[in-house]
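Participant: Handing you this structure, nothing more for now.
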Amino acid sequence: SLYVSEYFSQSAQKLSFYSWYGNAKLFHFHVPEDTVLLRWLLQASRGKGPECTSMEVTVHFRYGAPPVINPLGTRFPANATVRPSYNISMTLSSAVQNNTFVNVTAPAAGDWFIAAHLPEAAGRIEVKGFSTPCTYMFQPDMFVLRLIDMPVLEPGVAMPQTVVSPAKPLHVKVFVPKYTARMWFELRSCVTSEQKVCTVRVVLGSITLPQSFQRILTCTGNVNCSLGLDSPPWEKWLQIMVENLGTANADVSVEMVASFTACRPGSTSSFLNFSSLNQTQTGPRPGKTGTAGNPALPAGEASHNTSNQRSFCLQNQPVVREDLDVVSVRYRLLNGPSVPVYSIFPTLLLLGLNTGMDSGGSLVVNLLLNKTSLSLANATVLACVSAASPVLSLNTTQNCSTAFFQGYPLSVSSSSSEAMLIVLYPETNDWFLSLQLICPKGQGECNNAEAKVTILAYLTPCFNDCGLYGQCSLLRRHGYLYAGCSCKAGWSGWSCTDDTKAQSVSVQNLATLLLTLSNLMFLPAIMVAVYRYCLVEASVYTYTMFFSTFYHACDQPGVAVLCIMDYDTLQYCDFLGSVVSIWVTILCMSRVKKILKYVLFILGTLFIAMSLQLDRRGVWNMMGPCLFALIIMIAAWVYHGVKRRRCYPSSWKRWVFYLLPGITLAFIAISVYAFMETNENYYYTHSIWHMLVASSVAFLLPPRDKHKKPWAWSQKLTCRYQICQNDREELYAVT
Numbered sequence: 001s002l003y004v005s006e007y008f009s010q011s012a013q014k015l016s017f018y019s020w021y022g023n024a025k026l027f028h029f030h031v032p033e034d035t036v037l038l039r040w041l042l043q044a045s046r047g048k049g050p051e052c053t054s055m056e057v058t059v060h061f062r063y064g065a066p067p068v069i070n071p072l073g074t075r076f077p078a079n080a081t082v083r084p085s086y087n088i089s090m091t092l093s094s095a096v097q098n099n100t101f102v103n104v105t106a107p108a109a110g111d112w113f114i115a116a117h118l119p120e121a122a123g124r125i126e127v128k129g130f131s132t133p134c135t136y137m138f139q140p141d142m143f144v145l146r147l148i149d150m151p152v153l154e155p156g157v158a159m160p161q162t163v164v165s166p167a168k169p170l171h172v173k174v175f176v177p178k179y180t181a182r183m184w185f186e187l188r189s190c191v192t193s194e195q196k197v198c199t200v201r202v203v204l205g206s207i208t209l210p211q212s213f214q215r216i217l218t219c220t221g222n223v224n225c226s227l228g229l230d231s232p233p234w235e236k237w238l239q240i241m242v243e244n245l246g247t248a249n250a251d252v253s254v255e256m257v258a259s260f261t262a263c264r265p266g267s268t269s270s271f272l273n274f275s276s277l278n279q280t281q282t283g284p285r286p287g288k289t290g291t292a293g294n295p296a297l298p299a300g301e302a303s304h305n306t307s308n309q310r311s312f313c314l315q316n317q318p319v320v321r322e323d324l325d326v327v328s329v330r331y332r333l334l335n336g337p338s339v340p341v342y343s344i345f346p347t348l349l350l351l352g353l354n355t356g357m358d359s360g361g362s363l364v365v366n367l368l369l370n371k372t373s374l375s376l377a378n379a380t381v382l383a384c385v386s387a388a389s390p391v392l393s394l395n396t397t398q399n400c401s402t403a404f405f406q407g408y409p410l411s412v413s414s415s416s417s418e419a420m421l422i423v424l425y426p427e428t429n430d431w432f433l434s435l436q437l438i439c440p441k442g443q444g445e446c447n448n449a450e451a452k453v454t455i456l457a458y459l460t461p462c463f464n465d466c467g468l469y470g471q472c473s474l475l476r477r478h479g480y481l482y483a484g485c486s487c488k489a490g491w492s493g494w495s496c497t498d499d500t501k502a503q504s505v506s507v508q509n510l511a512t513l514l515l516t517l518s519n520l521m522f523l524p525a526i527m528v529a530v531y532r533y534c535l536v537e538a539s540v541y542t543y544t545m546f547f548s549t550f551y552h553a554c555d556q557p558g559v560a561v562l563c564i565m566d567y568d569t570l571q572y573c574d575f576l577g578s579v580v581s582i583w584v585t586i587l588c589m590s591r592v593k594k595i596l597k598y599v600l601f602i603l604g605t606l607f608i609a610m611s612l613q614l615d616r617r618g619v620w621n622m623m624g625p626c627l628f629a630l631i632i633m634i635a636a637w638v639y640h641g642v643k644r645r646r647c648y649p650s651s652w653k654r655w656v657f658y659l660l661p662g663i664t665l666a667f668i669a670i671s672v673y674a675f676m677e678t679n680e681n682y683y684y685t686h687s688i689w690h691m692l693v694a695s696s697v698a699f700l701l702p703p704r705d706k707h708k709k710p711w712a713w714s715q716k717l718t719c720r721y722q723i724c725q726n727d728r729e730e731l732y733a734v735t
């Protein structure tokens, strides 16, 4: 045999701490056909700085779709199918890099996905630029060993082959045609070159993670051994591997035969016509209709179909796939939303999810039984959703499994007439919905019975659009798109349905009131500024108070939300007002000349607006203007002190009762903002930040000029003659 090795790699990604699915880094690979060995090289590394500590990287694997993971142990939505993902852990301790190999023998051809993430996020809100986080990187490489010209086992034709040694197993493949109900594999004429007892192991199927349903058959001696497979995957190549379990030097000669039992599909009660493509699911068709919502058939044709019901083993229902948007598909039944279900054969619907771009959403299947159509009150309609091939024997086995896939069962009856199934990240394949009528006393009483079941099937990016407390986000890895839910207000889970740590409505209202009403602490600062003739500063504080109030009213995660304009606009105005307020306060404290102060006001505001547009959350957007303003203030104070030959400000009362309290409040506010805020305590720690900053402004504003009198509104509003006072100084005397 001729083997060819191939190598695939993707660029490294920076890992994140896990709080929702968007934090997991996804890698998408495609395994070619006839691959007999797959090897992953997983490379995890971390930085060398002192901030880097020991860390555990979790890596998940899945075939056909992104892995469904639950690192936080939260609840999934009701009726959702959850199967644990296959994962391994890589520890980065003293070593800067960790390389791990994962081998998969006889992997399934198609899409494979790897997701990697760090442990749960700590929840602390870090200001960008205050600290340097450690960088953790992850990169997977894929090596495949592919067999060239793999022997093909033709149905019904015996094929002799030789297993050279235990180290070199024999690989063959057989194509499973559509509508195959059963495959029968037989191994015979097993002899060794040394005329000893022949012992071989036959492995049918490929490995698919997280669950693998390979069928293993061990044959000893010259006795023929066989294995039957119900519902093998349709229109797929099935790999068969034969291993020699005997001595190392003996060749083993075997003969293999594969045969198939076909399942003849029955036609639906009406022909597919193009006019039905334009009808809606609920809208009636024009013209005369039968009881099933289909055009009535002539009596002769109806009786002919009834007589031929027993000549086929399933009935297909035509389904149209309607693509609505990215990872959004609706399946429409051409013969109406209701389908007839019988006991003697299953009713089959094809739900195509094989485009390669459908596995990033959620497949939802709803069944609703029409109770009036059920002739037997104690009968039950069993349904099974499976991939690759349908379940064709629900009436006998009542087991929702095929040869290589464990399906998802559903059932409706007169006592429970509705059922729902949610398949999270369905694998890329043809999916089938099989329905069959089951009677408790045996199938004899069900032969002439019929039930009508309304079916609603669709593919959606996020189930229920992540609910009231979640946001559905469309994620991208290169050209592959998938969706995930980002939860808020303490809700968690795959679809934000876990209310274990959810905030109550009263807590949400309290959070909104604290974050908005705490901005009213700017009112004393505004009053002090107006009293001291700092009108520009008072205008800036009013602007900051207004936009901070309504930004936090719009920024709430729960139901207590009020947005007077676009969220991004409110956020930008809040950030701009906050930084400009600090800028004008420090410049006002410097007591420079008015013309210079106002020029600096304008230039600083323009520069701050530009920097916020570049990086809104950068720490230097706030620290830069603050430091520059402090330099100006210190230079001005030194100039005034040198000119007056004494400390400036000169009054000890100014230092003790105003400056020191204001500086203390400002430092406490910065400490709370930078080091104490977390996702859980944000609503009260950030409210404390609002109150402390606003209070510090009221203390730090300088007193008014001595030659200016306080506002005297009574004198300004009088209607009598007044003696004007001339405050100008005589600079020159004219003689």
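Start counting the sequence shown at 1; every next residue gets the next number (the UniProt record's numbering).
Backbone N, C-alpha and C define an ideal beta-carbon position, used for all residues, glycine too.
Model, not experiment: these values are computed from the prediction.
For G558, is the classification buried or exposed, using 16 other Cβ atoms within 10 angstroms of its Cβ as the cut-off for buried?
Facilitator: buried
Participant: If you draw a straight line from the alpha carbon of P67 to that of A109, how long is it in whole angstroms?
Facilitator: 17 Å
Participant: Given a cut-off of 7 Å on the beta-carbon distance, is the pair V172 and I240 in contact?
Facilitator: Cβ atoms of V172 and I240: closer than 7 Å.
Participant: Please say whether M691 and S518 have beta carbons closer to each other than 7 Å?
Facilitator: yes
Participant: Are the Cβ atoms of S170 and M256 separated by less than 7 Å?
Facilitator: In the sequence on display, residue 170 carries Leu and not Ser. For L170 and M256, no; Cβs fall outside 7 Å.
Participant: Verify whether the separation of the beta carbon atoms of S338 and T454 is less than 7 Å.
Facilitator: yes
Participant: By alpha-carbon positions, which one of Q315, G352 and N316 ends up nearest to S328?
Facilitator: Measuring from the Cα of S328, the nearest candidate turns out to be G352.
Participant: Please work out which residues of its chain come closer than 8 Å, Cβ to Cβ, to Y3, disregarding the five sequence neighbours upstream and downstream, and give them in chain order.
Facilitator: Annotation for Y3: V36, L145, R146, L147 and I148 place their beta carbon closer than 8 Å to its own, counting only its chain and skipping 5 residues before and after.
Participant: Return the bridge partner residues of G484 from the DSSP annotation.
Facilitator: According to DSSP, G484 bridges with S473.
Participant: Taking only runs that begin and end inside the segment 592 to 656, name each unbroken alpha helix (DSSP H) of 4 or more residues, in chain order.
Facilitator: 594 to 614 and 620 to 644
Participant: Should Y567 go down as buried or exposed, given a rule of 16 or more other Cβ atoms within 10 Å for buried?
Facilitator: exposed
Participant: If you run the structure through DSSP and keep just helix, strand and coil, what is K14?
Facilitator: Reduced to three states, the DSSP call for K14 is strand.
Participant: What residue does the beta strand (DSSP E) around H171 start on, and which one ends it?
Facilitator: L170 to V176
Participant: When you compare each of L227, C313 and L118 to residue 813 by their alpha carbons, which one comes out closest?
Facilitator: As displayed, the chain neither begins before 1 nor continues past 735, which places residue 813 out of reach and without an answer.
Participant: Going by DSSP, what residue range makes up the alpha helix (DSSP H) through M150?
Facilitator: Where M150 is concerned, there is no enclosing alpha helix (DSSP H), given that its DSSP letter is neither H nor E.
Participant: Count Cβ pairs between the segment 573 to 581 and the segment 530 to 543 that sit closer than 8 Å; are there 3 or more?
Facilitator: yes
Participant: Taking 6 Å as the limit between beta carbons, can you name the residues of its chain near I216, skipping five residues before and five after?
Facilitator: Excluding positions up to five away in sequence, the list reads V203.
Participant: Which one or two residues does DSSP pair with N99 in a beta bridge?
Facilitator: Q43
Participant: Is the segment 418 to 432 touching the segment 353 to 364 in the sense that three or more CB pairs, one from each, lie closer than 8 Å?
Facilitator: yes
Participant: So L587 packs on K597, CB below 8 Å; how close in whole Å?
Facilitator: 6 Å
Participant: Would you grab the beta carbon distance between C263 and L314 for me? Rounded to a whole angstrom, and I think it's under 8 Å.
Facilitator: Indeed, because the Cβ distance is near 6 Å, the residues count as touching under 8 Å.
Participant: Could you check which residue in T74, N87 and A121 has the C-alpha nearest to that of C496?
Facilitator: T74
Participant: Look up N399 in the DSSP assignment and give the residues it is bridged to.
Facilitator: According to DSSP, N399 bridges with nothing at all.
Participant: What are the uninterrupted segments assigned as beta strand (DSSP E) that are 3 or more residues long and contained completely in the segment 78 to 138, given in chain order?
Facilitator: For the segment 78 to 138, whole beta strand (DSSP E) runs of length 3 or above, ordered along the chain, are 86 to 92, 97 to 105 and 110 to 120.
Participant: Could you tell me whether the segment 391 to 399 touches the segment 318 to 325, where touching means 3 or more Cβ pairs closer than 8 Å?
Facilitator: These segments do not touch.
Participant: Leaving out five residues before and five after V423 in sequence, what residues of the same chain have Cβ atoms less than 6 Å from its Cβ?
Facilitator: T81 and L363
Participant: Quick check on DSSP: helix, strand or coil for residue 736?
Facilitator: Absent from the model: residue 736. The displayed extent of the chain is 1 to 735, so no value can be given.
Participant: Nearest CA to the CA of F76: which residue from G484, P340, R188 and P50?
Facilitator: Closest by alpha carbon: G484.
Participant: Name the DSSP beta bridge partners of D323, please?
Facilitator: V329
Participant: In three-state DSSP terms, what is C466?
Facilitator: C466: helix per DSSP, three-state reduction.
Participant: Does the beta-carbon distance from T381 to L433 come in below 7 Å?
Facilitator: It is worth fixing the name first, because residue 381 is Val in this sequence and not Thr. No, the Cβ-Cβ distance between V381 and L433 is not below 7 Å.
Participant: Locate the beta strand (DSSP E) running through L510, then write down its first and last residues.
Facilitator: Where L510 is concerned, there is no enclosing beta strand (DSSP E), although the alpha helix (DSSP H) it sits in stretches over V505 to L517.
Participant: Just to confirm the assignment, what range does the alpha helix (DSSP H) spanning V57 have?
Facilitator: Premise fails: V57 lies in the beta strand (DSSP E), M55 to Y63, not in any alpha helix (DSSP H).
Participant: Which same chain residues, not among the five before or five after S473, have their C-beta less than 8 Å away from its C-beta?
Facilitator: G22, A483, G484, C485 and S486
Participant: Quick one: what does DSSP say E537 is sitting in, helix, strand or coil?
Facilitator: Here E537 sits in helix by DSSP.
Participant: Give the straight-line distance between the Cα atoms of L600 and T549, rounded to the nearest whole angstrom.
Facilitator: 27 Å
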